[in-house]
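In UniProt numbering, the protein residues as written are 1 to 151.
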């Protein structure tokens, strides 16, 4: 069976339950809790890659209120990146195409500048470019690199 890519809604109970389990196991309690996840499903957009009714990966986007043509890539979670090496890129490209159809023109993501793997994927495979950087007082003065991609 082929991998299916689509955005899910709160009423997709089995998939939502899987997302809750994935979030809990992936980030040791530091990820989206059930309330955050339900809010994302209701008010943002969550795309998943599914094979045999099992989620292989998920990506979360939030729309920008100041610029409704822009979304923020909140997070991406691929369950087994070694088993599915291009799944994240495929999932993002499907999501970008869907959002473009809804009038979204710009995607922004924040990346730790020392996360070379993520930077390489965002820049070389997905076409993101650096738009800004900032020191985050919330993160103890660590730098955050902002990347953007025009859809």
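We put the CB at the ideal spot given by N, CA and C, even for glycine.
All values reported here derive from a predicted model rather than from experimental measurement.
For this session: Report the three-state DSSP secondary structure of residue 125 (helix, strand or coil).
Result: Three-state result, residue 125: helix.
Exercise. Is residue 115 buried or exposed, if buried means 16 or more other CB atoms sit within 10 Å of its CB?
Worked result: Exposed, by the Cβ-count rule.
Exercise. Terminal residues of the continuous alpha helix (DSSP H) containing residue 35?
Worked result: Start and end: 34–43.
For this session: Given a cut-off of 8 angstroms, decide if residue 77 and residue 26 are closer than it, judged by their beta-carbon atoms.
Result: Residue 77 is positioned such that its CB atom lies closer than 8 angstroms to that of residue 26.
Exercise. Quick one: what does DSSP say residue 14 is sitting in, helix, strand or coil?
Worked result: Reduced to three states, the DSSP call for residue 14 is helix.
Exercise. Can you give the Cα-Cα distance for residue 86 and residue 5, rounded to whole angstroms?
Worked result: Rounded to the nearest angstrom, the two C-alpha atoms are 13 angstroms apart.
For this session: May I ask you to report which of helix, strand or coil DSSP gives residue 151?
Result: Coil at residue 151, not helix or strand.
For this session: Could you name the residues that DSSP lists as bridge partners for residue 104?
Result: Under DSSP, residue 104 forms no beta bridge with any residue.
Exercise. Going along the chain, which residues of its own chain have a beta-carbon closer than 6 angstroms to the beta-carbon of residue 50, five neighbours each way excluded?
Worked result: Exclusion of the five residues before and after residue 50 leaves 4 as the residues of its chain whose Cβ lies within less than 6 angstroms of its Cβ.
Problem set entry | DSSP three-state assignment for residue 53, whether helix, strand or coil | When DSSP states are grouped into helix, strand and coil, residue 53 belongs to the coil group.
For this session: Would you check if the distance between the CB atom of residue 23 and the CB atom of residue 37 is smaller than 8 angstroms?
Result: Yes, they are a contact pair.
For this session: With a threshold of 16 other CB atoms inside 10 Å of the CB of residue 45, please say whether the residue is buried or exposed.
Result: By the neighbour-count rule (16 or more Cβ atoms within 10 Å), residue 45 is buried.
For this session: Kindly indicate the opening and closing residues of the beta strand (DSSP E) around residue 70.
Result: First-last of the beta strand (DSSP E) with residue 70: 70–78.
For this session: For residue 134, count neighbouring Cβ atoms within 10 angstroms of its own Cβ and tell me buried if that reaches 16, exposed if not.
Result: The residue is exposed, with fewer than 16 neighbouring Cβ atoms inside 10 Å.
For this session: Pull up the CB-CB distance for residue 105 and residue 150, whole angstroms please, since I reckon it's below 8 angstroms.
Result: The beta-carbon distance between residue 105 and residue 150, rounded to whole angstroms, is 6 angstroms. This is short enough to meet the 8 angstroms contact definition.
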